[in-house]
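All remarks here apply to the structure that follows.
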Amino acid sequence: MQALLENWPLWLQGMGATLLLTAVVTLIGLPIGILLAGMRVSPVAALRVVAAVWTEVARNTPLTLVFFFTAFVLPKLGIVLDFTLGAVIALTYYTSAFFGEAVRSGINSVPLGQAEASRSIGLGFGATMRLVILPQAFRSVMPPVINVVIALVKNTSVAMGFFVFVLVSVAQRLSNVYGDQSLQIFVGIALSYLILTVPLGQLVDHLERKWSVQR
11 MQALLENWPL WLQGMGATLL LTAVVTLIGL PIGILLAGMR VSPVAALRVV
61 AAVWTEVARN TPLTLVFFFT AFVLPKLGIV LDFTLGAVIA LTYYTSAFFG
111 EAVRSGINSV PLGQAEASRS IGLGFGATMR LVILPQAFRS VMPPVINVVI
161 ALVKNTSVAM GFFVFVLVSV AQRLSNVYGD QSLQIFVGIA LSYLILTVPL
211 GQLVDHLERK WSVQR
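Going by this note's numbering, the first residue of the sequence shown is number 11, and it counts up by one from there.
Here it is, written out as structure tokens:
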């Protein structure tokens with residue numbers, strides 16, 4: 011722990027990099043997830059198939075393989091990406107599928123009669139989703155979406171293996187210098203991840219209790 015205290019600017023840099031990567035992927039991946047969820051319940055068969063393939067492939071492919079594809083396969087195809095951009099693309103593709111399933115579960119929690127009533131007053135599918143279904147699904151969607159963000163925080167650690175500086179990279183650098191304190195350093199970094207994820211977990215518990223009482 012002394013090594014972390016003596017190198018707290020590096021620790022702060024790692025925390026900031028992890029938070030920034032998490033925020034960027036969330037801001038991009040969540041809208042894609044909402045779009046995927048809408049496509050999964052769309053009356054257009056082609057859209058359902060595209061969304062289902064995206065979701066199933068992403069959810070059933072190890073994240074490390076997704077990183078390998080962006081870091082090593084795309085350059086062979088002539089697409090050379092900055093390592094950080096590659097990490098954003100890999101994490102966004104992977105995480106958007108989980109966002110999509112979280113949103114779809116919320117959509118499915120809305121009574122079918124709401125959609126039927128919307129159609130009866132002349133609203134199309136897009137308007138029904140935007141004005142009727144998604145606002146009602148908000149409460150059901152938020153806890154699982156936050157859980158996906160919690161998983162994302164931890165998944166950013168995979169980026170370290172592909173030359174992207176994140177929180178776990180701090181442990182690697184310091185353990186190379188303070189070899190006799192490696193265990194304490196990695197414990198400290200593990201606690202740092204808890205600092206990021208535990209408040210989000212408590213927020214999920216708070217929202218679930220609050221909305222359960224309101225129902």
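Glycine included, each C-beta is placed from N, C-alpha and C at the ideal position. Quantities reported herein were computed from a predicted structural model and do not represent experimental measurements.
Taking all protein chains shown into account, decide if residue i is buried (16 or more other Cβ within 10 angstroms of its Cβ) or exposed.
i      : result
Val83  : exposed
Ser119 : exposed
Val90  : exposed
Leu30  : exposed
Ala127 : exposed
Ile199 : buried
Ser106 : buried
Phe173 : exposed
Residues in its own chain within less than 6 Å of residue i by CB, not counting five upstream and five downstream?
i      : result
Phe175 : Ala27
Leu144 : none
For a quick check, are the C-beta atoms of residue i and residue j less than 8 Å apart?
i      : j      : result
Ile42  : Thr80  : no
Val98  : Val35  : yes
Tyr104 : Ala68  : yes
Ser202 : Ser150 : no
Between the C-alpha atoms of residue i and residue j, what's the straight-line distance to the nearest angstrom?
i      : j      : result
Val63  : Phe78  : 20 Å
Leu93  : Leu73  : Strictly speaking, residue 93 in this sequence is Phe, with Leu absent from that position. Taking the straight line joining both Cα atoms gives about 15 Å.
Gly171 : Val60  : 30 Å
Leu217 : Pro153 : 7 Å
Arg183 : Asn165 : 19 Å
Gly132 : Thr138 : 9 Å
Thr65  : Gly211 : 24 Å
Below 7 Å CB to CB, which residues in the same chain sit around residue i once its five sequence neighbours on both sides are set aside?
i      : result
Val180 : Leu20, Trp21, Gly24 and Ile199
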